[in-house]
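Notes follow once the structure below has been shown.
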Amino acid sequence: MILLGRAERRLSSSGRRYRGEAMGRTKKVGSAGKFGPRYGMRLRRKWVEIDRKQRQVHQCMVCGKKGVKRIASGIWGCRKCGAKFAGGAYLPRTAPALAADRTVRKVS
Ligand SMILES: [Zn+2]
32 MILLGRAERR LSSSGRRYRG EAMGRTKKVG SAGKFGPRYG MRLRRKWVEI
82 DRKQRQVHQC MVCGKKGVKR IASGIWGCRK CGAKFAGGAY LPRTAPALAA
132 DRTVRKVS
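Each position in the sequence shown, counted from 1, maps to that position plus 31 in our numbering.
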């Protein structure tokens with residue numbers, strides 16, 4: 032279901048963006064609505080999947096509480112204990128990072 036309403040289609044073809052308008056209007060695309068009609072549906076879908084994860088509040092490795100939010104690409108901070116650490120671009124701990132941790136523990 033990629034169909035846009037008639038009004039939206041008119042806006043899209045005129046190249047207008049939806050920024051500043053209520054985001055409740057992006058029916059199917061969610062947070063990818065900020066891209067307007069650009070980049071194609073498949074890419075926008077994929078992006079929404081990742082964006083949802085990166086916006087989540089993650090568990091802190093330092094205090095164990097759920098307070099970790101993304102500050103910038105690869106930089107994560109805990110709002111509960113103030114810890115700041117490097118992680119994945121879109122997730123605080125990526126699968127390769129976990130594998131690396133295991134290796135480090137094994138060696139040391
Ligand atoms: Zn913490």
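The beta carbon of each residue, even a glycine, is placed where N, CA and C say it ideally should be. All of these numbers come straight from a predicted model, not from anything done at the bench.
Item	Value
DSSP three-state label for G108, please.	strand
So, G98 versus R110, is the Cβ gap smaller than 8 Å?	yes
Report whether the distance from the Cβ of G98 to the nearest heavy atom of ligand 1 is below 7 Å.	yes
Nearest CA to the CA of W78: which residue from R101, G64, C91 and V88?	G64
Note down, in chain order, each residue of its chain lying with its Cβ closer than 8 Å to the Cβ of G105, except the 5 sequence neighbours on either side.	A117, G118, G119 and A120
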